[in-house]
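Undergrad: Let me give you the structure first, and then I'll get to my questions.
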């Protein structure tokens with residue numbers, strides 16, 4: 641009819657923005673999530689807890705080789721010692737020689753240089769979050785959860801647990817410690833960020 645407009649629905653949800661992305665997601669996501677569920681040996685509920693849309697948007701901004709490496713990290717395909725053992729090769733950590741080199745061991749290796757690199761990376765990640773204007777309750781808890789996941793002391797000696805972030809801690813426990821280190825971020829991080837986000841005030845020239 642003249643003057644009428646079409647409305648797109650995916651299931652029971654009306655699509656009003658990012659139509660191409662949402663159509664692609666609706667077409668491909670169910671089969672992919674089922675495969676991920678089987679590969680990671682997780683329940684449907686915990687797979688649904690992961691913020692897949694944010695992961696996808698991050699990967700779109702990466703160069704191809706960076707995106708491939710991120711995928712390998714997430715699914716345990718990095719060429720570390722535990723993979724080499726499967727091929728009949730030596731899998732001991734070349735830095736400490738004390739344990740089989742797994743992805744988790746990369747963060748917990750007692751080698752001094754490895755430890756310093758991990759700590760510097762954590763500090764760099766926090767600095768990036770600060771520059772992006774992420775609320776302190778969020779970035780402090782994020783750093784704390786990373787440190788807990790790899791049994792490291794928080795480099796921020798002034799850190800104290802924020803009661804407002806208790807729901808984030810509760811939800812993260814459903815995914816397990818290694819999920820965060822592999823890049824499987826829980827949706828609760830986004831909800832917490834949205835609840836606490838404050839737009840940056842305009843500068844003197846009126847720009848943000």
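Residue numbers (our numbering): 641 to 848.
All residues carry an ideal CB built from backbone N, CA and C; glycine is no exception.
Since we're looking at a predicted model, the values are computed, not measured.
1. How many Å lie between residue 826 and residue 762 at the Cα?
2. Does the Cβ of residue 838 have 16 or more other Cβ atoms within 10 Å, making it buried, or fewer, making it exposed?
3. Looking at residue 688: is its Cβ nearer than 9 angstroms to the Cβ of residue 702?
4. Find out if the Cβ-Cβ distance for the pair residue 821, residue 786 is shorter than 9 angstroms.
5. Drop a sphere of 10 angstroms on the beta-carbon of residue 644, count the other beta-carbons inside from all chains shown, and report buried for 16 or more, exposed for fewer.
6. Mapping DSSP to helix, strand and coil, what is residue 833?
7. Can you give me the start and stop residues for the alpha helix (DSSP H) that residue 782 sits inside?
8. Does the count of Cβ pairs from the stretch 797-809 and the stretch 764-783 closer than 8 angstroms reach three?
9. For residue 759, which of helix, strand or coil comes out of DSSP?
10. Am I right that residue 740 and residue 732 are in contact with their C-beta atoms under 8 angstroms? What's the rounded C-beta distance?
11. Contact criterion: CB-CB distance below 9 angstroms. Does residue 678 meet it with respect to chain C?
12. Measure from the alpha carbon of residue 695 to the alpha carbon of each residue in 834, 836, 829 and 835, then state which is nearest.
13. Classify residue 690: buried if its beta carbon has 16 or more other beta carbons within 10 angstroms, exposed otherwise.
14. Got a sec, what are the start and stop residues for the alpha helix (DSSP H) residue 798 sits in?
15. Could you tell me which uninterrupted alpha helix (DSSP H) segments, each at least 4 residues in length, are contained entirely in the stretch 693-727, listed from first to last along the chain?
16. Once the 5 residues before and after residue 753 are set aside, which same chain residues still bring their CB inside 8 angstroms of it?
TA: Reading off the structure:
1. 19 angstroms
2. exposed
3. no
4. yes
5. Note that residue 644 scores a pLDDT of 47, beneath 50, so its modelled location is shaky; the value from the coordinates is reported in the next line. With fewer than 16 Cβ atoms within 10 Å of its Cβ, residue 644 is classed as exposed.
6. helix
7. 776-789
8. yes
9. helix
10. 6 angstroms
11. The chain labelled as chain C is not found in the depicted structure, where only one protein chain is given.
12. 829
13. buried
14. Unbroken run through residue 798: none, as it is neither H nor E.
15. 704-715 and 721-726
16. 735
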